[in-house]
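Structure record follows, encoded as structure tokens.
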Amino acid sequence: MKMREIKYIVLHHSATDYQANKDDIDGKLIGRTICDRAQDKWKKEYPAYKCDYHFIIGHTGEVFKAQPIEQPAWHCTNYQANLVSVGICFLGNFENIEMPIEQFTAGVKLIKTLMQQYNVPLKNILRHRDVVSDITHTANSTDCPGKNFPYVHLLDALRDGEPFFDIGEDYPYIKEVKTLKQLGIIKGDGYGNLRPKEYITREEAILIAYRIVKSLQN
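So the sequence shown is residues -18 to 199, counted in my numbering.
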């Protein structure tokens, strides 16, 4: 089967109240239920369809392969995004719970592997809510993957030297940005982004000028 182009990795939660228990410690049973429901939903249009996600990660850090990565999965309400993305589902409802460290670590490892394998930049690691919906034509059409999903921490773990989440090594002024950040002159938006195309206020300009002066004095 011919491999498709992968541009994005989209992160989801299952929004289930699954907790590790003696009958389903690694989450395999609930993962299978999620995939079975997807198969039932799409069996007429896509008889060979396996799951709405390419990977499912359980609370204990077990990673389950689901939809073959060569094939799109219908994991977000944007047809074009589905065609060029990998969907990863973290089991749990992260509106209500925190992610276990085992699950977080497994997610970082998997995403790093996929980023390297398909040359996906950090800025293209998205939450489901970041994807513009074909239905509403806006982002934030869903709460997925939940308010407690450790998105910023996950990006930070994936950064590997990149100074901000929204720029990569291909950014034309990456060397200058790294130097200015290291000197403490630029800080970003507080969420790990530089937002290089956005205007700054006079107040922000004053703060940058002040940091430059302090840096020269030191």
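Quick reminder that beta carbons are idealized off the backbone N, C-alpha and C, glycines included. Since the structure is predicted, the reported quantities are computational estimates derived from the model, not experimental observations.
- Using DSSP with H/G/I as helix, E/B as strand and the rest coil, what is L164? Counting from 1 along the sequence shown, the entry for residue 164 is found at position 183. L164: coil per DSSP, three-state reduction.
- Residue ranges of each beta strand (DSSP E) within the stretch 15 to 41, 3 or longer: 36 to 38
- Using a Cβ-Cβ cut-off of 8 Å (strictly less than) and excluding sequence neighbours within five positions of C125, which residues of its own chain qualify? For the purposes of this step, residue 125 is taken as the residue at position 144 of the sequence shown. Same-chain partners within the cutoff: H(-7), H(-6), A(-4), R108, H109 and R110.
- Cβ neighbours of R(-15) in the same chain (closer than 8 Å, five flanking residues each side left out): Here residue -15 corresponds to residue number 4 of the sequence shown, with the count starting at 1. Excluding residues within five positions, the ones whose Cβ falls inside 8 Å are E51, Q52, P53, L64 and V65.
- Task: Count the other C-beta atoms from every protein chain shown that fall within 10 angstroms of the C-beta of G165, then say buried if there are 16 or more, exposed otherwise.
- Result: Locating residue 165 in the sequence shown gives position 184, where the first residue counts as 1. By the neighbour-count rule (16 or more Cβ atoms within 10 Å), G165 is not buried but exposed.
- Is the beta carbon of V101 sitting closer than 8 Å to the one on I(-10)? If you number the sequence shown from 1, residue 101 lands on position 120. If you number the sequence shown from 1, residue -10 lands on position 9. Their beta carbons are under 8 Å apart, which means V101 touches I(-10) by this criterion.
- Item | C-alpha gap between E150 and K104, whole angstroms | As a position in the sequence shown, residue 150 is number 169, starting the count at 1. As a position in the sequence shown, residue 104 is number 123, starting the count at 1. CA-CA distance, E150 to K104, rounds to 11 Å.
- Task: Give the straight-line distance between the Cα atoms of I69 and A190, rounded to the nearest whole angstrom.
- Result: Locating residue 69 in the sequence shown gives position 88, where the first residue counts as 1. Locating residue 190 in the sequence shown gives position 209, where the first residue counts as 1. Approximately 42 Å, taken between the alpha carbons.
- Could you give the DSSP three-state label for L107: helix, strand or coil? For the purposes of this step, residue 107 is taken as the residue at position 126 of the sequence shown. Three-state DSSP puts L107 in a strand.
- Item | Simplified DSSP state of I116, which is helix, strand or coil | Your numbering for residue 116 matches position 135 in the sequence shown. Coil, per DSSP.
- Where do the ends of the alpha helix (DSSP H) carrying I50 lie? In the sequence shown, counting from the first residue as 1, residue 50 sits at position 69. I50 -> no alpha helix (DSSP H), and no H or E assigned at all.
- Return the residue from the list S122, D137, K9 and D147 that minimises the CA-CA distance to F45. By 1-based counting over the sequence shown, the position of residue 45 is 64. Nearest option by C-alpha distance: K9.
- Query: Between T119 and the rest of its own chain, which residues show a CB-CB distance below 7 Å, the 5 nearest in sequence each way excluded?
  - Reply: Reading the sequence shown from its first residue, position 138 is the one you call residue 119. For T119, where only same-chain residues beyond five positions count, the Cβ hits under 7 Å are V113.
- Query: Leaving out the 5 sequence neighbours to the left and right, which residues in its chain are closer than 6 Å to A138 when beta-carbon positions are compared?
  - Reply: Here residue 138 refers to the residue found at position 157 of the sequence shown. Contacts found: V89.
- Classification of L136 by the beta-carbon crowding that lies within 10 angstroms, buried from 16 upward: Here residue 136 refers to the residue found at position 155 of the sequence shown. Buried, because 16 or more other Cβ atoms sit within 10 Å of the Cβ of L136.
- Query: Pick from I38, E43 and C16: whose alpha carbon is nearest that of Y30?
  - Reply: Walking along the sequence shown from the start, residue 30 turns up at place 49. For Y30, the closest C-alpha among the options I38, E43 and C16 is that of C16.
- Message: At the level of alpha carbons, what is the spacing between N206 and T182?
- Response: There is simply no residue 206 to check, as the chain begins at -18 and stops at 199 in what is shown.
- Item | Reduced DSSP category for F85 - H, G, I as helix; E, B as strand; rest coil | The sequence position of residue 85 within the sequence shown is 104, counting from 1. F85 falls in the helix class under three-state DSSP.
- Rounded C-beta distance between G42 and A87? I'm assuming under 8 Å. Mapped onto the sequence shown, residue 42 falls at position 61. Mapped onto the sequence shown, residue 87 falls at position 106. The pair is a contact, with the Cβ atoms about 4 Å apart (cut-off 8 Å).
- Task: Going by DSSP, name the residue or residues bridged to I155.
- Result: As a working note, residue 155 is residue 174 in the sequence shown. The partner list for I155 (beta bridge, DSSP) is empty, contrary to what the question assumes.
- I6 - DSSP class collapsed to helix/strand/coil: As a position in the sequence shown, residue 6 is number 25, starting the count at 1. Coil, per DSSP.
- Start and end residues, alpha helix (DSSP H) containing H134: The count along the sequence shown starts at 1 and reaches residue 134 at position 153. First-last of the alpha helix (DSSP H) with H134: Y132 to L139.
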